[in-house]
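K.L.:
Line order of the protein sequences matches chains A, B, C and D.
Using the UniProt record's numbering, read the first sequence as starting at 1 and increasing by one per residue.
Using the UniProt record's numbering, read the second sequence as starting at 1 and increasing by one per residue.
Using the UniProt record's numbering, read the third sequence as starting at 1 and increasing by one per residue.
Using the UniProt record's numbering, read the fourth sequence as starting at 1 and increasing by one per residue.
Here a beta-carbon is modelled for each residue, glycine too, at the ideal position from N, C-alpha and C.
As the structure is a computational prediction, the values presented were derived from the model and not from experiment.
4 protein chains.
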Amino acid sequence: MKKIAVFTSGGDAPGMNACVRAVVRAALYNGLEVVGIRRGYRGMAEADFIPMESHSVSDIIGKGGTILKSARFDEFRQKEWRQKAYDNCVKEGIDGLVAIGGNGTFTGAKLLMEDFGIPTIGCPGTIDNDLYGTDYTIGFDTAVNTALDAIDKIRDTAASHDRVFFVEVMGRDAGFIAMQSGIGGGAEDILVPEIPDSMDNVIESLKKGGDKEKPSHIIVVAEGEGIGNAHFIAQKAKEAMPNLDIRVSNLGHVQRGGSPSAIDRILASRMGIAAVEGLIDGKSNVMAGIIDDKVAFTSFDDAINKKKDLDVELNKMVEILNS
Amino acid sequence: MKKIAVFTSGGDAPGMNACVRAVVRAALYNGLEVVGIRRGYRGMAEADFIPMESHSVSDIIGKGGTILKSARFDEFRQKEWRQKAYDNCVKEGIDGLVAIGGNGTFTGAKLLMEDFGIPTIGCPGTIDNDLYGTDYTIGFDTAVNTALDAIDKIRDTAASHDRVFFVEVMGRDAGFIAMQSGIGGGAEDILVPEIPDSMDNVIESLKKGGDKEKPSHIIVVAEGEGIGNAHFIAQKAKEAMPNLDIRVSNLGHVQRGGSPSAIDRILASRMGIAAVEGLIDGKSNVMAGIIDDKVAFTSFDDAINKKKDLDVELNKMVEILNS
Amino acid sequence: MKKIAVFTSGGDAPGMNACVRAVVRAALYNGLEVVGIRRGYRGMAEADFIPMESHSVSDIIGKGGTILKSARFDEFRQKEWRQKAYDNCVKEGIDGLVAIGGNGTFTGAKLLMEDFGIPTIGCPGTIDNDLYGTDYTIGFDTAVNTALDAIDKIRDTAASHDRVFFVEVMGRDAGFIAMQSGIGGGAEDILVPEIPDSMDNVIESLKKGGDKEKPSHIIVVAEGEGIGNAHFIAQKAKEAMPNLDIRVSNLGHVQRGGSPSAIDRILASRMGIAAVEGLIDGKSNVMAGIIDDKVAFTSFDDAINKKKDLDVELNKMVEILNS
Amino acid sequence: MKKIAVFTSGGDAPGMNACVRAVVRAALYNGLEVVGIRRGYRGMAEADFIPMESHSVSDIIGKGGTILKSARFDEFRQKEWRQKAYDNCVKEGIDGLVAIGGNGTFTGAKLLMEDFGIPTIGCPGTIDNDLYGTDYTIGFDTAVNTALDAIDKIRDTAASHDRVFFVEVMGRDAGFIAMQSGIGGGAEDILVPEIPDSMDNVIESLKKGGDKEKPSHIIVVAEGEGIGNAHFIAQKAKEAMPNLDIRVSNLGHVQRGGSPSAIDRILASRMGIAAVEGLIDGKSNVMAGIIDDKVAFTSFDDAINKKKDLDVELNKMVEILNS
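1) Could you name each continuous beta strand (DSSP E) segment of 3 residues or more that falls completely within the segment 158-230 of chain B, going from the start of the chain to the end?
2) Is it true that the CB of G175/C sits closer than 7 Å to the CB of L148/C?
3) Taking only three categories from DSSP, how would you classify L310/B?
4) Short of 7 Å in beta carbon distance, which residues of its chain neighbour I280/D, apart from the five on each side in sequence? Order them along the chain.
5) Taking D302/C as the reference, which of V286/C, K316/C and K294/C has the closest Cα?
6) Given that a residue counts as buried once 16 or more other Cβ atoms are within 10 Å of its Cβ, and exposed if not, what is D200/B?
7) Alpha carbons only, please: which of D309/C, D87/C and R265/C is nearest the one belonging to V318/A?
8) Closest by CA to L32/B, which one among K3/B, V90/B and G40/B?
9) Taking the alpha-carbon positions, what's the F106/D to P215/C distance?
10) Is D12/B close to chain A, meaning its C-beta is less than 7 Å from at least one C-beta of that chain?
11) Could you name the residues of the segment 265-288 of chain B whose beta carbon sits closer than 8 Å to any beta carbon of chain D, in the order they occur along the chain?
12) Suppose only complete runs of 4+ residues qualify. What are the alpha helix (DSSP H) ranges in the segment 57-139 of chain D, listed by chain order?
13) Can you tell me where the alpha helix (DSSP H) with residue 326/B in it begins and where it stops?
14) Using a Cβ-Cβ cut-off of 7 Å, state whether D74/C counts as contacting chain D.
15) What residues in its chain sit with their C-beta under 7 Å from that of V192/D, if we drop five residues either side in the sequence?
16) Just to confirm the assignment, what range does the beta strand (DSSP E) spanning A296/B have?
17) Check whether the segment 69-81 of chain C touches the segment 133-142 of chain C, taking contact to mean three or more Cβ pairs, one atom from each stretch, closer than 8 Å.
18) Select from the segment 167-180 of chain D all residues with a C-beta closer than 7 Å to any C-beta belonging to chain B, and list them in chain order.
19) So what does DSSP say about S54/C, is it helix, strand or coil?
20) Between D48/C and the rest of its own chain, which residues show a CB-CB distance below 8 Å, the 5 nearest in sequence each way excluded?
21) With 9 Å as the C-beta to C-beta threshold (strictly closer), list the residues of the segment 301-314 of chain D near chain B in chain order.
22) Buried or exposed for Q78/D, going by 16 or more other Cβ atoms inside 10 Å?
23) Can you find a CB in chain C that lies within less than 7 Å of the CB of N17/A?
24) Counting only beta-carbon atoms, is Y41/C nearer than 7 Å to chain A?
25) So if DSSP puts R247/D in a beta bridge, which residue, or which two residues, is it bridged to?
26) Specify the secondary structure class of E239/D as computed by DSSP and reduced to three states.
27) Can you tell me the Cα-Cα spacing of D156/B and T120/A, whole angstroms?
28) Tell me which same chain residues have a C-beta within less than 8 Å of the C-beta of I60/C, skipping the five on either side of it?
29) Could you work out which residues of chain B lie near D156/A, taking near to mean beta carbons separated by less than 8 Å?
30) Pull up the distance between the alpha-carbon of F7/B and that of I100/B, whole angstroms please.
31) Where does V24/D land, buried or exposed, given buried means 16+ other C-beta within 10 angstroms?
32) Could you give the C-beta distance for I154/C and V167/C, rounded to a whole number, given that I count them as a contact under 8 Å?
33) Does chain B have any CB closer than 7 Å to the CB of S54/A?
34) Please list, in chain order, the chain A residues whose beta carbon lies closer than 8 Å to that of A150/B.
35) In whole angstroms, what is the alpha-carbon distance linking I227/C and I195/C?
36) At the level of alpha carbons, what is the spacing between V220/C and L28/C?
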């Protein structure tokens, strides 16, 4: 292996830049050349390559977003576009890829690998933490702390006005961000897709709050919650308990941005180094994750298809902590 | 004057606690007794008083929200409820009031003053900065910085994906938060109620961005913008320019919370002290504001009815800064 | 078991309040009474108890420091003072203790347990992360992020002036804070007590930086570093390389304060619940830690005497990441 | 005027980049060419110029430090070096300068102006706020908030341990940062060079704290305080009151870094635009400041030599707020 390429794809996540930096520096450390591919698979198909030196990644470890940019590129499902992408890589002399992203990113990498056999290792970069094969994904800790900071602020106003707030957080089909930010924020209730909820339970919880003379109440709602989104649930709650002063806050895209936390920077750095070392060791078609604080490689197949379980015991914690 | 009361009313704002603290400590410094009234005019009508000592306000200068709580109380428009409130004050021996809040708060204070002559001074506590008679209101600087922090985070993700974001910020009928956070966040366009805008101009600005190969674009939209809210404007923009990747983020209630900034703590402290000293000096029916860094008292009538102008020159700045 | 007590002791750490809250709420959830002991062992010896209800711990999960306060109390090494403390516990009807703190705290708990057999479980609360039997201690993640934030700020000024900064961080005899904040901050060198360093190596690293035309340079120095403190090392470096513009910053006590991070709040909550459940299950003389994301109880003896290893592989990362 | 240059000099301050951005964009808006000079006067003497386009200053408004870098250059006091600098400017076709910095920066600009008559306008960039001719300098608000955040954190640990903290903040010969961060942080005492203090007063204040059963105590000490630095004062206090648990924290260089606050970004933008418009209007040898929220030009002579007064009434506030 003489030259590798690194790219980011899918939704951006804080720490992606720290991972790009680690890939570049680890490649140079091991005597490899390294190029960046801008805008993910689109850039690969359009030959949007930039050579990366050590200084190219100076001062980016603390920067949110991704300097390599990211883009949707549905055309990559068609083999002719993957062929173009591969041809560009060959022309550039690239003999290994590091793909930073989530499920969709790894699906693309797997197809490319299956078509043309170019060695590829993935690094899990998504705030949703919904990838099998790693305890945490790059960006998750930062997103949780961003959501927590918002919940703390909302708590100020909820407590001042004895209000009920439904706070919707990101996470796609997974409840990790909701659960962590909700416990951290002392939420009275947390609604996640992994645990069946019902409006009856929500209303029960609100009534219990009223009984305890604890009139301010925060309910964190995961993006993928089965009952519906925060606005829908809030409306139903309002119908059932018209006397409550109910508000909704959807935290939105702020959760993707910001300077990465210490954990995300270190996680991203470890994974980036592991990916490069993995390529050198002949690994491919795998994601470099961290399990129990050790580097672990998981096949793209498993990373994509197996479901990472949310520890439902955490829900018991919520009940205990609201005693 | 022997005993005064302090209360917060209307929407909560960061720095209200710093103001409560200053009122309490300034009263004690001047040999007055002081009580807090919980939940604004509602608490006044329900005799929800709590004695305040120096230690009652320890460690609250940096706390968001209001320890005295706030509440809606539309009944206060009826004289019978104001009578009850006044009777409670008399029973408690209160001979002066400090009212921390916005327009509605001062309207209530003015009615009470006109009915019963109880000396009252207001402190401008609202994130919207929409009160005549003070350069800045308590909570404005913190809200602007909170909005700015969110815009910075959204910029990370906008730049990574070459996206257009419409970011809606608070401010009711005023564009102060939008203008300050928008300039601070380097927004490409800022839509405020004080300046007539049109969808044509918005689309012009988006096109200009495209011409300059500056594909990420942030447009800050004030809550009271005349064209419509951020969702509406984004939809219109999408119809006109379907190729753009357009997103909307409504920052919501986080803008009311959080630990107050240095400026808000100092402003709140100065105003709280000024209100107490004003009462002792025999002033009443006025708001204690700061104009050109000096304490200034403005009649409730003017504070409520006169309009504070947004410096429309700032809009010129936006144009220059996007050259 | 009918009534337990909780206290904090030793240096304060962010998340201690979240742990106190969890102990109180878990006790109530399990039908136990619970009291707080103020100022650690000193308060125990002076019978400074306060009853804790659910609302006693409202709104403290995000608060730095410890509402139960902490204090030095060297007299506790004498049996007569431990006797007094025990007698006070008996008089209060306390039949179980949860001790939140570090090494010294657990040593006291162990002595008390050995003398009088009162069941005691510890929760590891210290920013230093130097306790065997848990992957992370309460407060460590927050302290690392506080140090990281400072390093990021110092990087701004170092880069603007092409300066060399020696930044001293806390950690007593352990290099955990230095290593994590240093990697996260992209430090060019990290000096920790666990790894033998020499001034020659430090100067070598500075020279290498100069060769690469990377004139700004940050070296993180752990409190317990063998060569000496940051001022000493900086002076030696200045003697060897008088042309460098060298500065020192000792981050100091800010590292102990601040609102705890999400991880610290969750960790503290899990450990607090585990301690109460452990007492109910008849456990004693152990610390409730988290290893590989699962609750694990470790004897006080091991927690105090065994050494938690710093992963020295991390130092290899520093080298790679500075390629 | 066809082409101007912008540079930063002296200690860096948050918001300098926002000012550079405003100068560049305002120049382009007005049809001027613009170059950046790296490393201040040193770069001018060494012809270290870089052309600035609109995109050169993209995404820097929120970045701490200065992308143009800063450097000491004592040689500039010698006319021969100023001659070189001027010759380089002439060769580059520069017919106007914007100098961002403090006292030393303006002294250099004045000399250059007097020697060669090249039109120059200054923008006040220093965290110390010690320049006559502007209410606030660029970086001051950010530095105050950074210091305040540190004081808040120290308060957590001071309150937990009933400790006394002496916190030293920056500001050179001026007490602005100390006064603002001290009032904002609820400091029990604030020592600034503008107000004569004595150890007797300090000890008096400490004793008063003890009387009020308010054992934690924070005293903010300005860098230029007459009694001595924080370490010296703490030692004297310890000698006088050996029972107190006294600590010292020198906040150090973190105060210069970090992302600028909203106010600093707007202030810097306004001043940068004003400087360019001033040059076009034929102004020179002046600093562009903001007084009472309006742009005001002050001669370099006055900006350098006149003393900006600290509002000593603020000290009265400290006394009142600690009642």
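P.N.:
Looking at the coordinates:
1) If we require 3 residues or more, the beta strand (DSSP E) runs fully inside the segment 158-230 of chain B come out as 164-169, 189-191 and 217-222.
2) Cβ distance not < 7 Å, so L148/C and G175/C don't count as in contact.
3) coil
4) The answer, listed in chain order, is M1 and N30.
5) V286/C
6) exposed
7) Selected option, being the one with the closest Cα: R265/C.
8) The shortest C-alpha separation from L32/B is found at K3/B.
9) 27 Å
10) yes
11) R265, I266, S269, R270 and I273
12) 79-92 and 103-116
13) Only positions 1 to 323 of chain B appear in this structure, which leaves residue 326/B out of reach.
14) D74/C does not count as touching chain D.
15) G175, A178, M179, A222, E225 and L310
16) K294 to S299
17) no
18) Q180
19) S54/C: helix per DSSP, three-state reduction.
20) I37, R38, R39 and R42
21) D311 and L314
22) exposed
23) no
24) no
25) F165/D
26) helix
27) A straight-line Cα-Cα distance of about 27 Å links D156/B and T120/A.
28) The residues are N17, A18, V20, R21 and I67.
29) D12, P14, K63, G64, G65, R256, G257 and G258
30) 6 Å
31) buried
32) 6 Å
33) no
34) V254
35) Answer to the nearest angstrom: the Cα atoms are 11 Å apart.
36) 44 Å
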